[in-house]
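See structure below.
Chains as they are written, first to last, in our numbering: chain A, 1256 to 1618; chain B, 1256 to 1618.
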């Protein structure tokens, strides 16, 4: 029987249409699925294999969303003395509600035996991990995806590096495939490792910066700044976060991102009602102490927002490839290619919206 | 009511009698409970607090042994490319049977996605940890204590150090307080971190070495060798392991250690039937490739053997302090002091049995 007549389940169908798409489309697909990393060769196979493996996680989440009507998305960012996390709930219309968003220092309550800090004893790292999970507020009644990221800096000493590495692996192990309560018939807690490169690419890489940097009074030599500079990316990410907060606060829900803020959240951001546009500091808005705190909180906010958007893009893609039970169909292939191209343009258009704000940003 | 008339449960009773004992007795107690480390001051309180916390683990195990009639003791030694483990089952008469004893390389079966080695991705370290636990052979029908140790060497590069640290913490987290099956009414899997200093002290520190080292033809300057030299300790530990194997093999069960080898094990050690005394190489006996392998296997064997012996010593101590429901009684205090003194002498006598074998050992 020719490939055309075989019906396929979702992942084999996605794999099939990825085989039929060209390399350019696959690169666009990796961008819109928040999975874009540097590919140093132009062969399709490795990129396709990587993408299909990423789709495995999205497919599990998509299935749960269909079954339960909503999922919880978490992102956790570990540093050596604190963790930041963001929690969003996504419904089956892909309306995304901010539920929790905090930066919490690792104080003595994260250690055992009256120690002031988390020691490198397994009893302490386990205790701290279980405490982090208890603070997240995972729900036994729906699926909770926890994506985990840790600070990656060479300036940190060995023990600090060891601690955040160990907590990352423990958090993954204590989340991946866990049945939150013994009555769950399936694992309610799933884990994924979050790659900072994916977040930066998803929110920054298509953002035009040249013109704005030239007009930014605080920059003397604009051409010294490139897109791969961490400080440029951090600035763009903070702009994106403020844009999403502003549109959600003003009920001008961004059509691409669909973030909603309920009344409770609006009361927490009084600065948004006393200012317009992005004329507010994220640090003050979130009552944080330092710019570093704001950047950690930006990281978890955008990682969770990205997961929500990618889940929606992926679900639409599934609807396309499964139009005829996963059979290969030229019309469906065309829709597949067109959808990927359109979503890339949408993301490009969204990212372009950040450019003008770089003129006034303190980089 | 004066302290004399209050009844106490086990740990408060142990704490009480430790308060009444002198510093010397507490140091001996820490030795016979495999918990001796360097104390740089002579105040009782820190040593007592540390000992009572150690007793917390033994008490949990003792209780399980009384309830179930037997417990499984495991020791795991992690290096960057392998793990060694030993499994012994102890019955309520403290007969200790060797059940499993292996060194297993971390080959591609410990990695995911067709990787050749365990990567530092959380998905891989979790997979490897779960594979280690599946190989141990924990039983859902009794309590399993897994004590975990890792290679501590400065010669290992950062990523290798990171991997064995992460596996240590993950193994602890995936064992500590785990209900092996959903039908277990209590946690069947307990974990503890094993301190190599405790093992060395328990098996070596009281061993006279001077005379034997002088008579050892392979040593030109005997006084250069001290008890704290790793190579001296490694040699003593290998001697002790061979002594215990020899006495168990010959059914001349050591009264202090009570190790039994069943027929299956005797068939695995043909070298023991073709030799006498300790005239055999542990490496060959265990069909290992290198001396390093033999030393890793010695480490887990002695760690498990120590756990068994300490559990027995602790249980006897409990019988003494609970003679009158934990009430303070001068007669019981005398028995407490005498028992600690006698057990220290027994250990000293046992360790002395290793000395003569140092004459011929290759150090």
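C-beta atoms are modelled at their ideal positions from N, C-alpha and C, and glycine is treated no differently.
Any beta-carbon of chain A closer than 8 Å to the one on residue 1423 of chain B? Taking the first residue of the second chain as position 1, residue 1423 of chain B is located at position 168. Answer yes: the Cβ-Cβ gap between residue 1423 of chain B and chain A drops below 8 Å somewhere.
Across which residues does DSSP place residue 1327 of chain A in a beta bridge pair? Here the question's residue 1327 of chain A lines up with position 72 in the first chain. Residue 1327 of chain A is bridged to A:1344 and A:1399.
How should residue 1420 of chain A be labelled, buried or exposed, when 16 other C-beta atoms within 10 angstroms of its C-beta is the threshold for buried? If you number the first chain from 1, residue 1420 of chain A lands on position 165. Buried is the call here.
Exposure of residue 1289 of chain A, with buried meaning 16 or more beta-carbon neighbours within 10 Å: Taking the first residue of the first chain as 1, we reach residue 1289 of chain A at position 34. By the 10 Å Cβ count, residue 1289 of chain A comes out buried.
At a cut-off of 7 Å, is residue 1313 of chain A close to the ligand SAM when judged by its beta-carbon and the heavy atoms of the ligand? This structure does not include the ligand SAM; it has no bound ligands of any sort.
Which partner residues of residue 1339 of chain B appear in the DSSP bridge assignment? The sequence position of residue 1339 of chain B within the second chain is 84, counting from 1. When DSSP reads this structure, residue 1339 of chain B sits in a beta bridge with B:1332 and B:1358.
From the beta carbon of residue 1301 of chain B, is the nearest beta carbon of chain A less than 8 Å away? Start at 1 with the first residue of the second chain, and residue 1301 of chain B comes out as number 46. Chain A places no beta carbon closer than 8 Å to that of residue 1301 of chain B, leaving this residue out of the contacts.
Would you mind sorting residue 1265 of chain A into buried or exposed? The rule is 16 or more other CB atoms within 10 Å of its CB. Start at 1 with the first residue of the first chain, and residue 1265 of chain A comes out as number 10. When all chains shown are included, residue 1265 of chain A counts as buried.
Under the rule that 16 or more other beta-carbon atoms within 10 Å means buried, what is residue 1278 of chain A, buried or exposed? As a position in the first chain, residue 1278 of chain A is number 23, starting the count at 1. Counting Cβ neighbours within 10 Å, residue 1278 of chain A comes out exposed, since fewer than 16 surround it.
Nearest-angstrom Cα separation, counted from residue 1328 of chain B out to residue 1454 of chain B: As a working note, residue 1454 of chain B is residue 199 in the second chain. As a working note, residue 1328 of chain B is residue 73 in the second chain. Between residue 1454 of chain B and residue 1328 of chain B, the C-alpha separation is close to 15 Å.
With a CB to CB cut of under 6 Å and the five nearest residues on each side skipped, what residues in its chain are close to residue 1595 of chain A? Indexing the first chain from 1 puts residue 1595 of chain A at position 340. So the list reads 1280, 1283 and 1284, once near-sequence residues are dropped.
Scan the segment 1411–1481 of chain A and note each continuous beta strand (DSSP E) run of 3 residues or more that stays entirely inside, going in chain order. Qualifying beta strand (DSSP E) stretches, in chain order: 1444–1448.
Could you spell out where the alpha helix (DSSP H) holding residue 1373 of chain B opens and where it closes? Reading the second chain from its first residue, position 118 is the one you call residue 1373 of chain B. In this chain, residue 1373 of chain B is not harboured by any alpha helix (DSSP H), its DSSP state being neither H nor E.
How is the alpha helix (DSSP H) around residue 1633 of chain A delimited, first residue to last? Past the edges of chain A, shown from 1256 to 1618, lies residue 1633 of chain A, and the structure says nothing about it.
Listed in chain order, which residues of the segment 1367–1396 of chain B have Cβ atoms closer than 9 Å to some Cβ of chain A? Considering only beta carbons, the part of the segment 1367–1396 of chain B lying closer than 9 Å to chain A consists of 1368, 1375, 1376, 1377, 1378, 1380, 1381, 1384 and 1385, in chain order.
Should residue 1551 of chain A go down as buried or exposed, given a rule of 16 or more other Cβ atoms within 10 Å for buried? Locating residue 1551 of chain A in the first chain gives position 296, where the first residue counts as 1. When all chains shown are included, residue 1551 of chain A counts as buried.
Which partner residues of residue 1514 of chain B appear in the DSSP bridge assignment? Residue numbering aside, residue 1514 of chain B sits at position 259 when the second chain is read from its first letter. DSSP, once it has assigned bridges, lists B:1351 as partnering residue 1514 of chain B.
Quick one, which of A:1269, A:1463, A:1362 and A:1433 has its alpha-carbon nearest residue 1608 of chain A's? For the purposes of this step, residue 1608 of chain A is identified with residue 353 of the first chain, where counting begins at 1. Out of A:1269, A:1463, A:1362 and A:1433, A:1463 has the C-alpha closest to the C-alpha of residue 1608 of chain A.
For the segment 1585–1599 of chain B, list every residue whose C-beta sits within 9 Å of some C-beta in chain A, in sequence order. Nothing from the segment 1585–1599 of chain B brings a Cβ to less than 9 Å from some Cβ of chain A.
Count the other C-beta atoms from every protein chain shown that fall within 10 angstroms of the C-beta of residue 1342 of chain A, then say buried if there are 16 or more, exposed otherwise. Within the first chain, numbered from 1, the residue matching residue 1342 of chain A stands at position 87. Under the 10 Å beta carbon count, residue 1342 of chain A is surrounded by 16 or more other beta carbons and is classified as buried.
Are there 16 or more other CB atoms within 10 angstroms of the CB of residue 1500 of chain A, so buried, or fewer, so exposed? For the purposes of this step, residue 1500 of chain A is identified with residue 245 of the first chain, where counting begins at 1. Buried, since its Cβ has 16 or more Cβ neighbours within 10 Å.
First and last residue of the alpha helix (DSSP H) that includes residue 1266 of chain A? Taking the first residue of the first chain as 1, we reach residue 1266 of chain A at position 11. Residue range 1265–1275 is occupied by the alpha helix (DSSP H) that includes residue 1266 of chain A.
With a threshold of 6 Å on Cβ separation, who are the neighbours of residue 1415 of chain A within its own chain once the five nearest residues in sequence on each side are excluded? Translated into positions along the first chain, residue 1415 of chain A becomes position 160. Only 1335 meet the Cβ criterion.
Looking at the C-beta of residue 1439 of chain A, does it have a partner C-beta in chain B at a distance below 8 Å? As a position in the first chain, residue 1439 of chain A is number 184, starting the count at 1. Judged by the 8 Å Cβ criterion, residue 1439 of chain A is not in contact with chain B.
Spatial distance of residue 1386 of chain A from residue 1365 of chain A (CA atoms): Taking the first residue of the first chain as 1, we reach residue 1386 of chain A at position 131. Taking the first residue of the first chain as 1, we reach residue 1365 of chain A at position 110. Computed Cα separation, rounded: 7 Å.
List the residues that DSSP assigns as beta-bridge partners of residue 1404 of chain A. The residue you call residue 1404 of chain A lines up with position 149 of the first chain. In the DSSP output, where bridge partners are listed per residue, residue 1404 of chain A has A:1332.
Using only alpha-carbon positions, find the residue among A:1526, A:1533, A:1573 and A:1514 that is nearest to residue 1563 of chain A. One-based indexing of the first chain puts residue 1563 of chain A at position 308. Put simply, of A:1526, A:1533, A:1573 and A:1514 the residue whose alpha carbon is nearest the alpha carbon of residue 1563 of chain A is A:1514.
Interface flag, residue 1307 of chain A vs chain B, CB-CB below 8 Å: The residue you call residue 1307 of chain A lines up with position 52 of the first chain. So no, residue 1307 of chain A is outside the interface.
Cβ distance (whole Å) where residue 1381 of chain A is taken to contact residue 1428 of chain B below 8 Å: Sequence index remark: in the first chain, residue 1381 of chain A carries index 126 (1-based). Sequence index remark: in the second chain, residue 1428 of chain B carries index 173 (1-based). Right, the Cβ-Cβ distance comes to about 5 Å (below 8 Å), so this counts as a contact.
As assigned by DSSP and simplified to three states, the class of residue 1583 of chain A: Translated into the one-based positions of the first chain, residue 1583 of chain A becomes position 328. Residue state for residue 1583 of chain A is assigned as coil, using DSSP reduced to three classes.
For residue 1516 of chain B, count neighbouring C-beta atoms within 10 Å of its own C-beta (all shown protein chains included) and say buried if the count is 16 or more, exposed if not. Translated into the one-based positions of the second chain, residue 1516 of chain B becomes position 261. The residue is buried, with at least 16 neighbouring Cβ atoms inside 10 Å.
In the structure shown, what three-state DSSP assignment does residue 1318 of chain B receive? Counting from one through the second chain, the residue named residue 1318 of chain B turns up at place 63. Three-state result, residue 1318 of chain B: helix.
Of the listed residues A:1302, A:1465 and A:1316, nearest to residue 1573 of chain A (C-alpha basis): Position 318 of the first chain, counting from 1, holds the residue named residue 1573 of chain A. Out of A:1302, A:1465 and A:1316, A:1316 has the C-alpha closest to the C-alpha of residue 1573 of chain A.
Taking residue 1556 of chain B as the reference, which of B:1492, B:1267 and B:1518 has the closest Cα? Counting from one through the second chain, the residue named residue 1556 of chain B turns up at place 301. Nearest of B:1492, B:1267 and B:1518 to residue 1556 of chain B, Cα basis: B:1492.
Within-8 Å CB hit, residue 1298 of chain A to chain B: On the first chain, position 43 is the one that residue 1298 of chain A refers to. So, not an interface residue.
May I ask you to verify whether the segment 1523–1533 of chain B touches the segment 1307–1323 of chain B, counting CB pairs closer than 8 Å and requiring at least 3? Contact fails: fewer than three Cβ-Cβ distances are below 8 Å.
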